[in-house]
Amino acid sequence: MSAKNRTVSGALGGFLGFVGMSAVAGVLVAAAVTPALALSGMTATNTINMFESLPDYLAIDQLAQKSNIYATNADGSPLLLASFYDQNRVEVEWDAISPFVKDAVIAGEDPRFYEHGGIDLEGTVKGVVSTVATGTARGGSSITQQYVKNVQVQKCEALADEKKRMSCYDTATETTPDRKLKEMRLAIGVEKQYAKDDILRQYLNITGFGGTVYGIESAANYYYNTTAAGLSLAQAASLVAIVNNPVKFQLDNPDSETNGVANGYAANKERRDYILGEMLKYQKITQEDHDAALATVIEPTITEPSTGCATAGGSAYFCSLVVNTLQNDPSFGEDEVTRMANFRRGGYEIYTTLDLDLQNAAETTMKKHVPKQYGDWDVGGVITSVEVGTGRVLAMTQNKDYSQDPAVTENNNDYTGINYNTNYNEGGSLGFQPGSTYKVFTLAEWLTQGHTLNERVDSRRKSDWGVFKNSCEGNQSYVFNPKNDANEPGNNYSALQSTIDSINTGFIGMAKKLDQCGIATMANSFGVGRADLKPLEQGPSAVLGTNEVAPLSMAIAFAGIANNGLSCSPIVIDRIVGGDGTDMTPPQTKCTQAVTPEVDAGMTYAMQKVMTEGSGRASNSATSPRVPMIGKTGTTDGNKDTWMSGASSKVATVIGVVSVTGDINQRLVDDWEGGTAATARHRMWPEVMSVANAKYGGDAFAEASNKVLQAVQIPVPDLRGKSMSEATSTLTSAGFDVVDGGVTDSEMPAGTVARTDPAGGNSASRGSTVTVYSSNGVLKIVPDVVGKTEAEATSTLAGFSIAKQEQDVTDPKQVGTVLSMTPTAGSGAAAGSAVTIVVGKLAAGAKPDAKPDAKPDANGGGNG
Numbered sequence: 075m076s077a078k079n080r081t082v083s084g085a086l087g088g089f090l091g092f093v094g095m096s097a098v099a100g101v102l103v104a105a106a107v108t109p110a111l112a113l114s115g116m117t118a119t120n121t122i123n124m125f126e127s128l129p130d131y132l133a134i135d136q137l138a139q140k141s142n143i144y145a146t147n148a149d150g151s152p153l154l155l156a157s158f159y160d161q162n163r164v165e166v167e168w169d170a171i172s173p174f175v176k177d178a179v180i181a182g183e184d185p186r187f188y189e190h191g192g193i194d195l196e197g198t199v200k201g202v203v204s205t206v207a208t209g210t211a212r213g214g215s216s217i218t219q220q221y222v223k224n225v226q227v228q229k230c231e232a233l234a235d236e237k238k239r240m241s242c243y244d245t246a247t248e249t250t251p252d253r254k255l256k257e258m259r260l261a262i263g264v265e266k267q268y269a270k271d272d273i274l275r276q277y278l279n280i281t282g283f284g285g286t287v288y289g290i291e292s293a294a295n296y297y298y299n300t301t302a303a304g305l306s307l308a309q310a311a312s313l314v315a316i317v318n319n320p321v322k323f324q325l326d327n328p329d330s331e332t333n334g335v336a337n338g339y340a341a342n343k344e345r346r347d348y349i350l351g352e353m354l355k356y357q358k359i360t361q362e363d364h365d366a367a368l369a370t371v372i373e374p375t376i377t378e379p380s381t382g383c384a385t386a387g388g389s390a391y392f393c394s395l396v397v398n399t400l401q402n403d404p405s406f407g408e409d410e411v412t413r414m415a416n417f418r419r420g421g422y423e424i425y426t427t428l429d430l431d432l433q434n435a436a437e438t439t440m441k442k443h444v445p446k447q448y449g450d451w452d453v454g455g456v457i458t459s460v461e462v463g464t465g466r467v468l469a470m471t472q473n474k475d476y477s478q479d480p481a482v483t484e485n486n487n488d489y490t491g492i493n494y495n496t497n498y499n500e501g502g503s504l505g506f507q508p509g510s511t512y513k514v515f516t517l518a519e520w521l522t523q524g525h526t527l528n529e530r531v532d533s534r535r536k537s538d539w540g541v542f543k544n545s546c547e548g549n550q551s552y553v554f555n556p557k558n559d560a561n562e563p564g565n566n567y568s569a570l571q572s573t574i575d576s577i578n579t580g581f582i583g584m585a586k587k588l589d590q591c592g593i594a595t596m597a598n599s600f601g602v603g604r605a606d607l608k609p610l611e612q613g614p615s616a617v618l619g620t621n622e623v624a625p626l627s628m629a630i631a632f633a634g635i636a637n638n639g640l641s642c643s644p645i646v647i648d649r650i651v652g653g654d655g656t657d658m659t660p661p662q663t664k665c666t667q668a669v670t671p672e673v674d675a676g677m678t679y680a681m682q683k684v685m686t687e688g689s690g691r692a693s694n695s696a697t698s699p700r701v702p703m704i705g706k707t708g709t710t711d712g713n714k715d716t717w718m719s720g721a722s723s724k725v726a727t728v729i730g731v732v733s734v735t736g737d738i739n740q741r742l743v744d745d746w747e748g749g750t751a752a753t754a755r756h757r758m759w760p761e762v763m764s765v766a767n768a769k770y771g772g773d774a775f776a777e778a779s780n781k782v783l784q785a786v787q788i789p790v791p792d793l794r795g796k797s798m799s800e801a802t803s804t805l806t807s808a809g810f811d812v813v814d815g816g817v818t819d820s821e822m823p824a825g826t827v828a829r830t831d832p833a834g835g836n837s838a839s840r841g842s843t844v845t846v847y848s849s850n851g852v853l854k855i856v857p858d859v860v861g862k863t864e865a866e867a868t869s870t871l872a873g874f875s876i877a878k879q880e881q882d883v884t885d886p887k888q889v890g891t892v893l894s895m896t897p898t899a900g901s902g903a904a905a906g907s908a909v910t911i912v913v914g915k916l917a918a919g920a921k922p923d924a925k926p927d928a929k930p931d932a933n934g935g936g937n938g
């Protein structure tokens with residue numbers, strides 16, 4: 075408000091003049107304001123002196139206004155997602171209010187507003203008479219007095235504590251002479267400080283128009299779908315009529331018997347027509363305007379304001395995260411209740427990180443590929459996209475319609491108020507198992523601890539994996555029998571192979587060499603924890619993705635992997651403008667270097683191969699334009715939940731089809747759009763990432779060094795015939811892990827080493843696993859008979875079954891001699907098993923007794 079200099083005598087002129095004119099009037103005024111003093115014989119002058127001693131300063135706080143949440147269109151213009159308010163109010167300036175409204179409220183409420191100094195003498199006298207007749211102070215309030223009362227009520231409404239709020243409200247509205255006296259004095263104080271136009275403008279901004287509608291702008295929006303500046307004469311009068319008795323005269327109850335459609339909103343019309351008559355009486359309108367407005371039928375166009383996240387449509391769950399972020403931000407108040415109250419009253423303009431292009435793609439593909447429910451299966455679909463390097467959440471949606479109304483959500487799985495994308499304390503669920511997408515944290519810890527991608531581990535399927543190291547919870551033994559999805563038969567997979575093909579036993583073998591606490595800590599460093607906020611479970615089964623986590627946290631993790639190992643916490647707000655128009659500091663992202671860039675390069679090397687050679691190929695090949703991308707798929711036990719998580723160097727996206735309740739094999743659901751439920755992820759992910767790649771592009775990931783690709787290669791010693799203990803000691807000293815492969819048929823002495831895998835003489839990476847097999851001694855060594863005659867060979871191979879083959883030779887010396895044998899000499903074979911010998915036979919046309927040709931005379935001639 076603009077300041078205006080007014081003297082005390084000027085402000086009190088009307089009031090003092092009234093007292094001076096009539097002793098009776100003075101007594102009446104005294105009785106009206108302080109009846110106890112009047113009855114005790116005090117004079118009106120004494121009463122005025124006491125009146126002057128009351129405080130006249132009224133602190134006018136910011137009015138409660140609705141707060142708005144926006145997304146930003148591609149052209150930079152804001153798009154309103156939702157509004158929140160306790161009082162639906164939009165504060166407007168003087169020129170934004172129709173003159174009809176100003177004239178109507180003055181004519182109907184306070185015709186002498188521009189003449190008095192805060193108290194309308196004539197109205198006060200009428201109020202005094204009413205007070206004497208009824209015993210309570212009522213009536214006669216000027217616009218300034220009404221404004222004072224509204225300001226005091228607003229101060230009460232701002233209190234978060236309900237008990238304090240109600241007590242304050244009772245004090246501010248009690249119908250006692252004492253309150254009336256204070257109100258009058260404060261009204262005079264307001265008039266001393268502010269200009270009349272400012273007081274009227276603020277009165278029109280603060281006053282209630284029924285229900286949660288406050289202020290003339292919101293009233294015009296709500297009742298007539300127009301602005302305060304655009305109101306017609308008839309509309310302005312009908313809205314001002316509501317102020318007199320909001321419950322009796324409001325226009326949003328068409329079924330009302332006293333003020334509804336059937337009787338033309340009779341109660342409001344009566345008050346409206348009175349106001350129009352007063353406007354004519356005080357020459358604010360012409361007779362022609364009066365008559366036209368009087369004949370106008372009251373036809374409200376109720377326009378429900380945007381309220382709550384339900385109005386954000388497919389972006390409702392993102393909106394929910396924004397609200398929860400504000401509730402968790404200490405800058406908005408000391409606790410959640412206070413923060414939300416401040417938000418709903420503070421008139422904040424919240425500009426979010428939502429990218430409407432990605433959001434529209436996410437909503438479209440979700441509606442196309444995942445139903446709200448499927449028979450008895452309460453299916454959930456989630457999509458979350460995050461900007462790499464900033465943590466800005468660009469898209470978030472799910473397959474359910476949003477509602478916070480229990481009457482809507484109860485027994486109707488089409489609706490939910492739970493955000494499946496977020497943690498429990500952010501309006502989310504208790505989380506979902508991410509399956510094999512969680513394996514990336516074991517890969518990160520593997521490389522961090524100095525292991526390499528090409529290092530091999532014991533990958534045999536077995537039930538007893540022995541003791542796993544855990545520096546947090548203590549080492550523990552686990553008996554479980556994980557299998558591989560495609561029943562891969564290998565025994566010694568490398569970390570790279572295990573990542574590309576998502577081999578469960580390979581990752582358990584990797585985890586066996588790591589600290590389970592370290593793997594959980596690695597997940598935390600990438601921003602992943604349990605959605606229920608409990609500590610991550612650290613057993614080896616957790617390596618395969620059994621912790622229930624939020625999809626958003628996985629998107630943040632993949633964004634961190636795509637960001638050279640620098641993981642940035644999620645943010646959803648770019649800018650906050652307070653109710654006073656000043657910018658506030660929004661919650662900031664916090665970035666953590668989860669792994670070194672060198673380790674991260676190893677991770678992205680493997681995860682790119684997932685997209686080009688492994689389980690992510692379907693998503694990669696369908697994305698266009700294609701840029702370098704990393705990824706990891708995930709499927710939980712029984713194909714209950716399926717995931718596709720990945721990123722370019724610019725955007726990370728996580729897509730999941732999950733079981734909210736119920737248990738179903740998604741591979742058996744084959745009547746969805748485009749294929750099975752299990753493959754829906756590979757149809758949705760490309761549709762979102764194609765938009766992301768086209769808009770944000772994508773750079774090449776860092777090159778992986780040999781340090782993370784190749785382990786130091788060392789020769790595997792030949793240990794055949796050695797004792798098992800000697801073999802174990804030798805291999806361990808060389809830097810290998812040793813696995814007992816059990817007993818096998820061998821020619822070696824029973825109990826000694828029969829063979830190793832890799833075999834002796836080959837090279838293997840340091841730290842890899844060598845499987846040692848012990849001999850049962852049942853095989854005989856096949857003697858070497860090559861070069862012997864057939865008879866000699868037959869004698870030597872006694873105990874074996876001999877099979878003879880012949881081979882043509884031209885050298886008479888090879889005739890009847892063993893040229894080769896199978897199995898080879900020195901190998902083992904069971905007694906009685908066949909040994910094939912190949913014996914030389916003179917080829918047709920060869921000379922059995924050939925002699926050397928005669929040489930010519932040395933002199934070159936005959937004897938003559």
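Be aware that the sequence shown starts at 75, since it is given in the working numbering, and climbs by one per residue. All residues carry an ideal CB built from backbone N, CA and C; glycine is no exception. Model, not experiment: these values are computed from the prediction.
Taking the alpha helix (DSSP H) that Asn318 falls in, what are its first and last residues? The sequence position of residue 318 within the sequence shown is 244, counting from 1. Per DSSP, Asn318 belongs to the alpha helix (DSSP H) from Leu307 to Asn318.
If we require 3 or more residues per run, which beta strand (DSSP E) segments fall completely within the region 429-496? DSSP runs (the beta strand (DSSP E)) wholly in the region 429-496: 452-461 and 467-472.
Taking 8 Å as the cut-off, does the region 153-162 touch the region 319-336 (at least 3 CB pairs, one atom from each stretch)? No: the two stretches stay apart, fewer than three of their Cβ pairs being nearer than 8 Å.
Span of the beta strand (DSSP E) holding Asp811? Counting from 1 along the sequence shown, the entry for residue 811 is found at position 737. Element bounds for Asp811: Asp811 to Thr818.
So what does DSSP say about Ala918, is it helix, strand or coil? Mapped onto the sequence shown, residue 918 falls at position 844. The DSSP-derived three-state label of Ala918 is coil.
Label Lys921 either buried or exposed according to how many other C-beta atoms from any shown protein chain fall within 10 Å of its C-beta, with 16 as the threshold for buried. Residue 921 sits at position 847 when you count from the first residue of the sequence shown. Here Lys921 is exposed, its C-beta having fewer than 16 other C-beta atoms within 10 Å.
Between the Cα of Thr898 and those of Gly890, Ile911 and Ala624, spot the shortest distance and give me the residue it belongs to. To locate residue 898, count along the sequence shown from 1; it is residue 824. Nearest option by C-alpha distance: Ile911.
Determine contact between the region 689-707 and the region 594-602, defined as no fewer than three beta-carbon pairs at a distance below 8 Å. No: fewer than three Cβ pairs fall under 8 Å.
Residues sharing a beta bridge with Gln571, DSSP: Start at 1 with the first residue of the sequence shown, and residue 571 comes out as number 497. Answer is none; Gln571 lacks a bridge partner.
Opposite Asn142 in the DSSP bridges: which residues? For the purposes of this step, residue 142 is identified with residue 68 of the sequence shown, where counting begins at 1. Ser157 and Glu423.
In the DSSP assignment, find the beta strand (DSSP E) that holds Arg829 and state where it starts and stops. As a working note, residue 829 is residue 755 in the sequence shown. Element bounds for Arg829: Val827 to Asp831.
Do Ala294 and Leu305 have their C-beta atoms within less than 8 Å of each other? Residue numbering aside, residue 294 sits at position 220 when the sequence shown is read from its first letter. Residue numbering aside, residue 305 sits at position 231 when the sequence shown is read from its first letter. Result yes, Cβ atoms of Ala294 and Leu305 sit closer than 8 Å.
Simplified DSSP assignment, three categories, for Arg530: Residue mapping note: residue 530 aligns to position 456 of the sequence shown, counting from 1. The three-state reading of DSSP puts Arg530 in strand, counting E and B together.
Where does Glu880 fall in DSSP's three states? Counting from one through the sequence shown, the residue named residue 880 turns up at place 806. In the three-state reduction of the DSSP assignment, Glu880 falls in the strand class, which pools E and B.
With DSSP collapsed to three states, give me the class of Phe945. No statement about residue 945 is possible, as the shown extent of the chain runs from 75 to 938 and does not include it.
So if DSSP puts Arg649 in a beta bridge, which residue, or which two residues, is it bridged to? Locating residue 649 in the sequence shown gives position 575, where the first residue counts as 1. DSSP output for Arg649 lists Tyr425 as bridge partner(s).
Can you name, in chain order, every residue of its own chain whose Cβ lies under 6 Å from the Cβ of Asn487, other than the five neighbours on each side? If you number the sequence shown from 1, residue 487 lands on position 413. Cβ within range, chain order: Gln447 and Asp452.
Would you call the CB atoms of Met440 and Gly455 closer than 8 Å? Taking the first residue of the sequence shown as position 1, residue 440 is located at position 366. Taking the first residue of the sequence shown as position 1, residue 455 is located at position 381. Result yes, Cβ atoms of Met440 and Gly455 sit closer than 8 Å.
Write down every uninterrupted run of the alpha helix (DSSP H) in the region 238-317 whose length is 4 residues or greater and which is fully enclosed by it, in chain order. For the region 238-317, whole alpha helix (DSSP H) runs of length 4 or above, ordered along the chain, are 251-267, 270-280 and 290-298.
Pick from Ile876, Asp235 and Asp538: whose alpha carbon is nearest that of Val553? Looking up residue 553 in the sequence shown gives position 479. Of the candidates Ile876, Asp235 and Asp538, the one whose C-alpha sits nearest the C-alpha of Val553 is Asp538.
Quick one: what's got a C-beta closer than 7 Å to Ser503's C-beta in the same chain, skipping five residues either side? If you number the sequence shown from 1, residue 503 lands on position 429. If we look at Ser503 and ignore the five residues flanking it on each side, its Cβ neighbours are Ile492, Tyr494 and Ala605.
Smallest Cα separation from Ser719: which of Val684, Ser568, Glu183 and Phe158? Locating residue 719 in the sequence shown gives position 645, where the first residue counts as 1. Among Val684, Ser568, Glu183 and Phe158, the Cα nearest to that of Ser719 is on Val684.
Using the C-alpha atoms, what's the distance from Gly601 back to Glu265? To locate residue 265, count along the sequence shown from 1; it is residue 191. To locate residue 601, count along the sequence shown from 1; it is residue 527. If you take the alpha carbons of Glu265 and Gly601, they lie about 57 Å apart.
Count Cβ pairs between the region 174-182 and the region 343-360 that sit closer than 8 Å; are there 3 or more? The region 174-182 makes contact with the region 343-360, as at least three CB pairs between them are under 8 Å.
Gln888 bridges to which residues according to DSSP? Sequence index remark: in the sequence shown, residue 888 carries index 814 (1-based). Paired residues: none, contrary to the question.
Looking at Leu428 and Ser389, is the spacing between their C-beta atoms short of 8 Å? If you number the sequence shown from 1, residue 389 lands on position 315. If you number the sequence shown from 1, residue 428 lands on position 354. Yes. Within cutoff.
Nearest by alpha-carbon distance to Gly914: which of Gly421, Gly861, Ser820 and Tyr339 is it? Taking the first residue of the sequence shown as 1, we reach residue 914 at position 840. Looking at the Cα atoms, Gly861 is the closest of the given residues.
Spatial neighbours of Ala776 within its chain, please: CB distance less than 8 Å, with the 5 preceding and 5 following residues excluded, ordered by chain position. Position 702 of the sequence shown, counted from the start, is the residue given in the question as residue 776. If we look at Ala776 and ignore the five residues flanking it on each side, its Cβ neighbours are Asn638, Pro671, Asp674, Ala675 and Thr678.
Which residues in the same chain have their Cβ closer than 6 Å to the Cβ of Gly91, if we skip the five residues on either side of it in sequence? By one-based count along the sequence shown, residue 91 stands at place 17. Residue placement at Gly91 cannot be trusted, given a pLDDT of 38 that sits under 50; the coordinates are not used to answer.
Would you mind sorting Glu529 into buried or exposed? The rule is 16 or more other CB atoms within 10 Å of its CB. As a first step, residue 529 is located in the sequence shown; it is residue number 455 there, counting from the start. The residue is buried, with at least 16 neighbouring Cβ atoms inside 10 Å.
Return the chain-ordered list of same chain residues with a C-beta closer than 6 Å to the C-beta of Thr709, the five sequence neighbours on each side being excluded. Walking along the sequence shown from the start, residue 709 turns up at place 635. Excluding the 5 residues flanking it on each side, Thr709 has same chain C-beta neighbours closer than 6 Å at Gly509 and Thr716, in chain order.
Near Ser545, what residues of its chain come up, given a Cβ to Cβ distance below 6 Å and the 5 sequence neighbours on each side ignored? Indexing the sequence shown from 1 puts residue 545 at position 471. Only Asp589 and Cys591 meet the Cβ criterion.
State whether the region 843-860 contacts the region 815-829, with contact taken as three or more CB pairs (one from each stretch) at a distance under 8 Å. Segments in contact, yes.
Which same chain residues, not among the five before or five after Thr979, have their C-beta less than 7 Å away from its C-beta? Outside the shown range of the chain (75 to 938) lies residue 979, about which nothing can therefore be said.
Using CA atoms only, rank isn't needed, just tell me which of Thr300, Arg345, Pro660 and Phe158 is closest to Asn319. Translated into the one-based positions of the sequence shown, residue 319 becomes position 245. Among Thr300, Arg345, Pro660 and Phe158, the Cα nearest to that of Asn319 belongs to Arg345.
Use the C-beta contact count for Lys878: other C-beta atoms within 10 angstroms, 16 or more gives buried, fewer gives exposed. Working through the sequence shown from its first residue, we reach residue 878 at position 804. Residue environment analysis places Lys878 among the exposed positions, since fewer than 16 neighbouring C-beta atoms fall within 10 angstroms of its C-beta.
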